[in-house]
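Novice: Residue numbering for the sequence shown follows this note's numbering, starting at 91 and increasing by one per position. Virtual Cβ for every residue (Gly too), placed ideally from N, Cα, C. For clarity, every value in this text was computed on a predicted model and none was experimentally measured.
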Amino acid sequence: MNFIKTILYNSWAGRNILRPVFVLPCIVISFLGMESCGSGNGGDNGDDFNRALLLENWCDNIIIPSYEDYNASTEALKVANEEYSLDPTNEEAFNACIDAFEVTYFKWQSVAPFDFGPAIQKTLLESTNKFPTDIDDIEAAILNPDFTPGLPSTLDNIGLPAIDYLLNSENAFANLSNDAERVAHLERLVDHLHEKSSDVLEAWTSGYAMTFKSATGTEVGSSLEQVVNAFNRVYEANVRKQKLGLPSGIMTITGTELPGHVEALYSNELSVDLLHSAIVAFENFYLGNYTADNGTTLEGLGLDDYLNSFGNEVYGSELNTDIVNQLSLMKEAVLTLESPLSEYVLSNPAETAAVFTQLQAIVVLWKVDMMSSLGILISYTDNDGD
91 MNFIKTILYN SWAGRNILRP VFVLPCIVIS FLGMESCGSG NGGDNGDDFN RALLLENWCD
151 NIIIPSYEDY NASTEALKVA NEEYSLDPTN EEAFNACIDA FEVTYFKWQS VAPFDFGPAI
211 QKTLLESTNK FPTDIDDIEA AILNPDFTPG LPSTLDNIGL PAIDYLLNSE NAFANLSNDA
271 ERVAHLERLV DHLHEKSSDV LEAWTSGYAM TFKSATGTEV GSSLEQVVNA FNRVYEANVR
331 KQKLGLPSGI MTITGTELPG HVEALYSNEL SVDLLHSAIV AFENFYLGNY TADNGTTLEG
391 LGLDDYLNSF GNEVYGSELN TDIVNQLSLM KEAVLTLESP LSEYVLSNPA ETAAVFTQLQ
451 AIVVLWKVDM MSSLGILISY TDNDGD
């Protein structure tokens, strides 16, 4: 499927501006004698907004609880896998392992946006969900008793995608039942997954949380700057592009579909739900919403409140309204996709492209308009022509 990258028109809420899908560095604008990107397109730079409370809500109510939930799921997967390893011919234990794996994959979606601080230091994103996985490397690693997960050369054959292959590929149960080395390798991968999760959670609870909450500025290196750059970068590269843009061929150089690049390829039925779950995670973080102990959803401070603090301005509450509306459109669009996604992208290219258009629309709102309003520089680069 061919996809022509075009300039996007941002016409929501009166922002009838022809916006190219790339962002000029602020330093270039400064050289041209124009107003700095940090000015925020509206006069008020947001200094009256209580960023300390925003960071506190994120840290205490969203980030750490999400890591705790994810870590608990990796631990449950580890326990289930250890139980299965005792008797690889036990199909009930095998299915319990698959169930625990699926829970872990969904819990992962809630922590993936937090790719800064300890997650960067521990290479959590790359070692957890780099797909497609390299099955040839996995098969070679099974025979290597000295295999060490986590080395740069192993990142494309470890983590959730590799575990998905070992548990859900064709004849997976029979292959494991008859191969002690295969069972041992599965255990290595699960143990490494849990180890990485535990390391990041420990870093947050043993000191980084205080560091995070104390860096209340908007300059490079501040917590807000790290958060929103990771937020945008992970959404663009790991959600929009990886989960749908590449499998559909929309973001490939040749326009050729890559159905084998869907997330959770071997589980076959999870790809669409994982994409939807990821969007919900980004939405909740943007809104500052979190789940209380009794299961109810509570509203905390989020980026929506930050934008609303600018007042009824094009780049204030009006921008927030556009973002909230677009998030709803994205969720609705994703639910029109059907499983298995690897087949759907081939048989329904027009429908897939329509969904991708909704995923792309939020990029301009978040990466261009929101970042400008908040006065935060974009500190990452990509080659996607956004």
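1. Give the DSSP-derived three-state secondary structure of L377 in the structure shown.
2. Roughly how many angstroms lie between the CA atoms of I232 and G390, to the nearest whole one?
3. Are the beta-carbon atoms of T308 and G465 separated by less than 7 angstroms?
4. Just to confirm my understanding: we take P239, look at its own chain, exclude 5 residues before and 5 after, and list those with CB closer than 7 angstroms. What are they?
5. Write down the C-beta distance between M461 and I468 rounded to the nearest angstrom, noting that I regard them as a contact closer than 8 angstroms.
6. Considering only residues of the stretch 225 to 284, which uninterrupted alpha helix (DSSP H) runs meet the minimum length of 4 residues and lie entirely inside it, listed in chain order?
7. Output the boundary residues of the beta strand (DSSP E) element that contains E389.
8. Do the CB positions of E376 and N258 come within less than 7 angstroms of each other?
9. Count the other CB atoms within 10 Å of the CB of G385; is the residue buried (16 or more) or exposed (fewer)?
10. Going by C-alpha to C-alpha distance, which of Y195, A186 and R141 sits closest to A354?
11. Is DSSP giving E353 helix, strand or coil here?
12. Find the nearest neighbour of Y325 within the set P222, E315, A202 and K197, judged by alpha-carbon distance.
13. Compare the C-alpha of E292 against each of S399, D236, F139 and A162 and name the closest.
14. Tell me whether the beta-carbon of W456 lies closer than 7 angstroms to the beta-carbon of N358.
15. What is the DSSP secondary structure of T194, reduced to helix, strand or coil?
16. In the DSSP assignment, find the alpha helix (DSSP H) that holds Y174 and state where it starts and stops.
17. Would T442 be called buried (16 or more neighbouring beta carbons within 10 Å of its own) or exposed?
18. Whose CA, out of D205, G335 and L314, lies closest to the CA of A444?
19. Out of T426, A305 and A451, point me to the one whose CA is closest to L417's CA.
20. Could you check if G311 is buried or exposed, using at least 16 other CB atoms within 10 Å of its CB as the buried criterion?
21. Taking the straight line between their C-alpha atoms, what separation do you get for E125 and D363?
22. Count the other CB atoms, across all protein chains shown, that sit within 10 Å of the CB of A252; report buried if there are 16 or more and exposed otherwise.
23. What is the DSSP secondary structure of S479, reduced to helix, strand or coil?
24. Can you name, in chain order, every residue of its own chain whose Cβ lies under 6 angstroms from the Cβ of D297, other than the five neighbours on each side?
25. What's the gap between the Cα of S267 and the Cα of L256?
26. In this structure, does DSSP put V290 in helix, strand or coil?
27. Quick check on V454: does DSSP put it in helix, strand or coil?
28. To the nearest whole angstrom, what separates the beta carbons of A320 and S313, a pair I think is in contact under 8 angstroms?
29. For K331, report the span of its alpha helix (DSSP H) as first-last.
30. The alpha helix (DSSP H) with F302 in it runs from where to where?
31. Following the continuous alpha helix (DSSP H) through N147, name the residue where it begins and the one where it ends.
32. Just to confirm my understanding: we take D205, look at its own chain, exclude 5 residues before and 5 after, and list those with CB closer than 6 angstroms. What are they?
Specialist: Looking at the atomic coordinates:
1. Working through the sequence shown from its first residue, we reach residue 377 at position 287. Note: L377 maps to helix in three-state DSSP.
2. Mapped onto the sequence shown, residue 232 falls at position 142. Mapped onto the sequence shown, residue 390 falls at position 300. Straight-line Cα distance between these residues: approximately 46 angstroms.
3. Within the sequence shown, residue 308 is the residue found at index 218, counting from 1. Within the sequence shown, residue 465 is the residue found at index 375, counting from 1. Yes, they are a contact pair.
4. As a first step, residue 239 is located in the sequence shown; it is residue number 149 there, counting from the start. The answer, listed in chain order, is I248, R278, L279 and H282.
5. Locating residue 461 in the sequence shown gives position 371, where the first residue counts as 1. Locating residue 468 in the sequence shown gives position 378, where the first residue counts as 1. Correct: roughly 6 angstroms between the Cβ atoms.
6. As far as the stretch 225 to 284 is concerned, its whole alpha helix (DSSP H) runs of at least 4 residues are 225 to 232, 249 to 258 and 262 to 267.
7. Mapped onto the sequence shown, residue 389 falls at position 299. Per DSSP, E389 belongs to the beta strand (DSSP E) from T387 to E389.
8. Position 286 of the sequence shown, counted from the first residue, corresponds to residue 376. Position 168 of the sequence shown, counted from the first residue, corresponds to residue 258. First, the residue type needs correcting, since residue 376 is Tyr and not Glu in the sequence shown. No, they are not a contact pair.
9. Mapped onto the sequence shown, residue 385 falls at position 295. The residue in question, G385, is exposed, as its Cβ has fewer than 16 Cβ neighbours within 10 Å.
10. Residue 354 sits at position 264 when you count from the first residue of the sequence shown. Nearest of Y195, A186 and R141 to A354, Cα basis: Y195.
11. As a working mapping, residue 353 is identified with position 263 in the sequence shown. E353: coil per DSSP, three-state reduction.
12. Looking up residue 325 in the sequence shown gives position 235. Selected option, being the one with the closest Cα: A202.
13. Residue numbering aside, residue 292 sits at position 202 when the sequence shown is read from its first letter. When S399, D236, F139 and A162 are compared, the shortest CA-CA separation from E292 is found for A162.
14. Taking the sequence shown and counting its residues from 1, one reaches residue 456 at position 366. Taking the sequence shown and counting its residues from 1, one reaches residue 358 at position 268. Not closer than 7 angstroms, so no.
15. Residue 194 sits at position 104 when you count from the first residue of the sequence shown. Note: T194 maps to helix in three-state DSSP.
16. As a working mapping, residue 174 is identified with position 84 in the sequence shown. That run of the alpha helix (DSSP H) goes I154 to L176.
17. The residue labelled residue 442 in the question sits at position 352 within the sequence shown. Under this definition T442 is a buried residue.
18. What you label residue 444 is simply residue 354 of the sequence shown in a count that begins at 1. It is G335 whose Cα lies nearest to the Cα of A444.
19. Start at 1 with the first residue of the sequence shown, and residue 417 comes out as number 327. Comparing alpha-carbon positions, the option among T426, A305 and A451 lying closest to L417 turns out to be A451.
20. Counting from one through the sequence shown, the residue named residue 311 turns up at place 221. Answer is exposed; the Cβ neighbour count stays below 16.
21. Taking the first residue of the sequence shown as 1, we reach residue 125 at position 35. Taking the first residue of the sequence shown as 1, we reach residue 363 at position 273. Interpretation of E125 is limited by its pLDDT of 35, a score under 50 that renders its predicted location unreliable; the figure taken from the coordinates is listed afterwards. Looking at the two C-alpha atoms, the distance is approximately 43 angstroms.
22. Along the sequence shown, one-based indexing puts residue 252 at 162. In summary, A252 is buried, with 16 or more beta-carbon neighbours lying within 10 Å of its beta-carbon over all protein chains present.
23. For the chain, the structure presents residues 91 to 476; residue 479 sits outside this window and is missing.
24. Numbered from 1 along the sequence shown, position 207 holds the residue referred to as residue 297. Correcting the residue identity first, residue 297 is Gly in this sequence and not Asp. Counting only Cβ-Cβ distances below 6 angstroms, and skipping sequence neighbours, we find nothing.
25. As a working note, residue 267 is residue 177 in the sequence shown. As a working note, residue 256 is residue 166 in the sequence shown. If I take the Cα positions, the gap works out to 12 angstroms.
26. Taking the sequence shown and counting its residues from 1, one reaches residue 290 at position 200. Three-state result, V290: helix.
27. Here residue 454 corresponds to residue number 364 of the sequence shown, with the count starting at 1. Of the three classes helix, strand and coil, the one that applies to V454 here is helix, per DSSP.
28. For the purposes of this step, residue 320 is identified with residue 230 of the sequence shown, where counting begins at 1. For the purposes of this step, residue 313 is identified with residue 223 of the sequence shown, where counting begins at 1. Wrong, their Cβ atoms sit about 11 angstroms apart, outside the cutoff.
29. On the sequence shown, position 241 is the one that residue 331 refers to. Unbroken run through K331: none, as it is neither H nor E.
30. The sequence position of residue 302 within the sequence shown is 212, counting from 1. Its alpha helix (DSSP H) spans residues A299 to S304.
31. Numbered from its first residue, the sequence shown carries residue 147 at position 57. Segment R141 to N147, the alpha helix (DSSP H) holding N147.
32. Translated into the one-based positions of the sequence shown, residue 205 becomes position 115. Closer than 6 angstroms at Cβ, skipping near neighbours: L215, A320 and V324.
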